[in-house]
Amino acid sequence: MSSLPESCLWRHAMPPATQDTPPAIADDCDVAIVGAGYTGLWTAYYLKRLAPQLSVQVFDAAHAGFGASGRNGGWLIGGLAGQEGWLTGLAPDAREETRALLYGIVDEVKAVCAREAIECDLAHSGVLYAARGDAQAHRAAAWLGDLRAAGHGEADFCWLDQSALAVRLQMAGAVGAVFSPHCATLHPFKLVQGLLAAVRRLGVAVHEHCPVLGLGDGRLRLSDGAVRARWIVPALEGASGALPELGGRVQAAQSLIIATEPLSDAQWDEIGLAGRPAFADLSRGITYGQRTADNRLLFGARGGYCFGGRARWDFDPQGEELAKRGELMRAFFPQLAGVRVSHAWGGSLGIARAFTPFALRDCVRGIASAGGFGGEGVGASNLMGRTLADLMLGRDTILTRQPWVRGEGTLASLRHWEPEPLRYLGYHAIRTSFALDDALADRPHVPSWVRCTVSAAADAMEGLMH
Ligand SMILES: Cc1cc2nc3c(=O)[nH]c(=O)nc-3n(C[C@H](O)[C@H](O)[C@H](O)COP(=O)(O)OP(=O)(O)OC[C@H]3O[C@@H](n4cnc5c(N)ncnc54)[C@H](O)[C@@H]3O)c2cc1C
């Protein structure tokens, strides 16, 4: 492991900072955090704010933000992947409390950025999930039904018809969109750098280029020694396979992004996105994008799994998989024909077997951990950082009473993924069914019974994920 690639737009704007005098590693500390991404840094931040007397060390095999935190699409979502399942099961009062907590993520991050003078180009203008064609519009209607059942009101998620959408975003084939105000866009690596500076100011020792080789018996194993800690916090997400204790419980999948050269005002007039809302379509393929602060169009799409759930950080910017993102972007935005893609990169995110995030505290082994964000960890990591701090400090708060918190769990209590080659085969079966369903949607020459059968198969595959 070394550094964020040059082809990553975020690094291009702000190279990783080096420290003149790296801190010495203390053999003993109160809390040792493994991984200097958002989860590790937010946890360190809230711990030191609540208990300044604690000694906290963070270890990263590369540099802060080398992982998904420095390379993501910059959607700061006020919510968690899979939250509808939890919300639907809660009593009305608890549901209101939980919804407020989730929506409040964006304001909390904004408040910390203001307090710590973190400039990360944050724009709080919501998110547009565009329906490209009738099949996606039907999916939007079903999704809105689920959202209402989970207690989300019209002010939280609403349908914009074609003309209302056109004022905000012009995407080929879009017949409307689901809009939610509970999302912001930002520059991911600037947020990492700002958080890193904030935790250092609070007295946290961050050791970069210092891989952790294993953990157990209240110790971290490093290449040249060990560190004893009351609490150890694995915060590795897509890189969880690096530690045998987590590997197999949180597995990596890939997501890839491209960014155009800066566009002119005239080009933006043809696309929209005034105020810089996040956008996606409602295909099964999971796409995402934003208009960056320097006026580029950033476009990403999920896809990729390495046998064994291995993390992957190197991608050929000229390779086929990134070229496919370019084709997809131009299908969404024919306005961009002839526009150059200046940056292309990818990274690994973490998925837990339950397909929902978790926060846990294992008092016997002195381990606290969070992850499984399923590609929606920019906001979730803030919530989990606050939660882990409360759990380790033994505080009984609204955060520690949430359904995704295993107050007294063990790493072993996290469900294990199926052994290979089942995982690999399962991943590819699901992806193939999704891709086929997306490809056949709105193709009138394909008999409707074929489309319905493929769609039902894709639904069944999706059901298997829960
Ligand atoms: C391409 C892409 C786009 C995404 N877009 C979005 C988005 O728009 N919105 C959103 O909400 N989420 C998005 N995500 C997901 C989000 O970025 C992650 O959920 C989040 O950044 C996870 O943060 P983390 O700190 O848990 O993990 P990471 O940021 O992955 O940090 C893990 C750290 O652990 C370090 N490490 C690895 N092995 C070791 C070891 N042995 N010892 C010590 N350190 C080690 C790594 O160097 C890394 O810095 C995206 C992810 C990807 C890959």
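All the letters of the sequence shown, read from the start, carry residue numbers -15 to 450 under our numbering. C-beta: ideal position from N, C-alpha, C; glycine also.
CB of residue i to nearest heavy atom of ligand 1: below 6 Å?
{"i": "residue 438", "result": "no"}
{"i": "residue -9", "result": "no"}
{"i": "residue 109", "result": "no"}
{"i": "residue 7", "result": "no"}
{"i": "residue 46", "result": "yes"}
{"i": "residue 219", "result": "yes"}
{"i": "residue 195", "result": "yes"}
{"i": "residue 29", "result": "no"}
{"i": "residue 170", "result": "no"}
{"i": "residue 365", "result": "yes"}
{"i": "residue 215", "result": "no"}
{"i": "residue 362", "result": "yes"}
{"i": "residue 351", "result": "no"}
{"i": "residue 18", "result": "yes"}
{"i": "residue 226", "result": "yes"}
{"i": "residue 50", "result": "yes"}
{"i": "residue 26", "result": "no"}
{"i": "residue 371", "result": "no"}
{"i": "residue 356", "result": "no"}
{"i": "residue 289", "result": "no"}
{"i": "residue 22", "result": "yes"}
{"i": "residue 335", "result": "no"}
{"i": "residue 73", "result": "no"}
{"i": "residue 223", "result": "yes"}
{"i": "residue 43", "result": "yes"}
{"i": "residue 267", "result": "no"}
{"i": "residue 241", "result": "yes"}
{"i": "residue 57", "result": "yes"}
{"i": "residue 61", "result": "yes"}
{"i": "residue 160", "result": "no"}
{"i": "residue 53", "result": "yes"}
{"i": "residue 359", "result": "yes"}
{"i": "residue 331", "result": "yes"}
Identify every residue that forms a DSSP beta bridge with residue i.
{"i": "residue 353", "result": "344"}
{"i": "residue 234", "result": "336"}
{"i": "residue 113", "result": "162, 264"}
{"i": "residue 102", "result": "Per DSSP, none; premise fails for residue 102."}
{"i": "residue 82", "result": "Paired residues: none, contrary to the question."}
{"i": "residue 12", "result": "212"}
{"i": "residue 41", "result": "16, 189"}
{"i": "residue 389", "result": "343"}
{"i": "residue 325", "result": "244"}
{"i": "residue 61", "result": "167"}
Compute the distance between the beta-carbons of residue i and residue j, then report whether it is under 7 Å.
{"i": "residue 203", "j": "residue 212", "result": "yes"}
{"i": "residue 160", "j": "residue 144", "result": "yes"}
{"i": "residue 219", "j": "residue 17", "result": "yes"}
{"i": "residue 262", "j": "residue 438", "result": "no"}
{"i": "residue 153", "j": "residue 281", "result": "no"}
{"i": "residue 240", "j": "residue 309", "result": "yes"}
{"i": "residue 462", "j": "residue 45", "result": "Not covered by the structure: residue 462. The range shown for the chain is -15 to 450."}
{"i": "residue 188", "j": "residue 40", "result": "yes"}
{"i": "residue 352", "j": "residue 217", "result": "yes"}
{"i": "residue 299", "j": "residue 252", "result": "no"}
{"i": "residue 234", "j": "residue 49", "result": "no"}
{"i": "residue 278", "j": "residue 301", "result": "no"}
{"i": "residue 268", "j": "residue 422", "result": "yes"}
{"i": "residue 452", "j": "residue 283", "result": "This structure leaves residue 452 out entirely; the chain is present only between -15 and 450."}
{"i": "residue 167", "j": "residue 61", "result": "yes"}
{"i": "residue 274", "j": "residue 63", "result": "no"}
{"i": "residue 124", "j": "residue 162", "result": "yes"}
{"i": "residue 26", "j": "residue 173", "result": "no"}
{"i": "residue 331", "j": "residue 65", "result": "no"}
{"i": "residue 442", "j": "residue 417", "result": "yes"}
{"i": "residue 461", "j": "residue 34", "result": "Since the first residue of the chain shown is -15 and the last is 450, residue 461 is not available in this structure."}
{"i": "residue 288", "j": "residue 238", "result": "yes"}
{"i": "residue 390", "j": "residue 30", "result": "no"}
How close, in whole Å, do the beta carbons of residue i and residue j come, if the pair is a contact with beta carbons under 8 Å?
{"i": "residue 355", "j": "residue 22", "result": "Not confirmed; about 11 Å, so no contact."}
{"i": "residue 375", "j": "residue 384", "result": "6 Å"}
{"i": "residue 116", "j": "residue 208", "result": "Actually they are not in contact, since the Cβ atoms of residue 116 and residue 208 sit about 54 Å apart, beyond 8 Å."}
{"i": "residue 334", "j": "residue 254", "result": "That belief does not hold up - the Cβ atoms of residue 334 and residue 254 are roughly 37 Å apart, past 8 Å."}
{"i": "residue 401", "j": "residue 232", "result": "6 Å"}
{"i": "residue 55", "j": "residue 104", "result": "Going by Cβ atoms, the distance from residue 55 to residue 104 rounds to 14 Å, so no, they are not a contact pair."}
{"i": "residue 260", "j": "residue 84", "result": "Residue 260 to residue 84, Cβ: 25 Å. No contact."}
{"i": "residue 464", "j": "residue 236", "result": "Any property of residue 464 remains undetermined from this structure, which presents the chain solely from -15 to 450."}
{"i": "residue 164", "j": "residue 130", "result": "About 13 Å separates the two Cβ atoms, so there is no contact after all."}
Tell me whether residue i, by its Cβ, gets closer than 6 Å to a heavy atom of ligand 3.
{"i": "residue -14", "result": "Questions concerning ligand 3 fall outside what the structure shown contains, since the ligands it does hold are ligand 1."}
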